[in-house]
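Written out below as structure tokens is the structure these notes cover.
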Amino acid sequence: MTDATNQPSDELDERVEAAVDEAKAAADRAAREADASLEAMRNAAADAAERGAAALSDAASQARAVAVDALDDAEDLFEDASDWLEEKYRENPALVLGVAVAAGIALLVGVGAIARAIFRR
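Here is the structure:
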């Protein structure tokens, strides 16, 4: 073979080698960018999870505080009602017993109506 026939082949080899090197460099850049993107996504997911956990913790604390306040209020109301009922019973026991019986009957009628409504379906 002559030098004239080898020259295009050498030039083609150099071009192919340069293209392969460029492709490797581009693949390395793409891999680094993908790693950076994945790391950013991991960090964002971790931050979102922390914020969600903090929000749930705050909501649970607030719900507990509301429940404690409601129980305290109910306890105070029950004590006040008991005191009022004792006072009224001392004044007029027949009236208090009559109201209690009427409330019991109303409760039974209400429960009966609900039970009939449930079993009719």
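Sequential numbering from 4 applies to the sequence shown in my numbering.
The beta carbon of each residue, even a glycine, is placed where N, CA and C say it ideally should be.
This structure is a prediction, so every number in the text was calculated from the model and none was measured.
Expected contact under 8 Å - CB spacing of residue i and residue j to nearest Å
i	j	result
TYR92	VAL99	5 Å
Outcome for residue i when other beta-carbon atoms lying within 10 angstroms are tallied against a minimum of 16
i	result
ILE117	exposed
THR5	A caution first: THR5 carries a pLDDT of 49, below 50, which makes its placement in the model unreliable, though a value can still be read off. Under this definition THR5 is an exposed residue.
Cα-Cα separation between residue i and residue j, rounded to whole angstroms
i	j	result
ARG123	GLY115	12 Å
ALA63	ALA70	10 Å
TRP87	GLN65	33 Å
ALA58	GLU90	48 Å
ALA39	GLU53	21 Å
ALA47	LEU41	10 Å
ASP24	ARG18	10 Å
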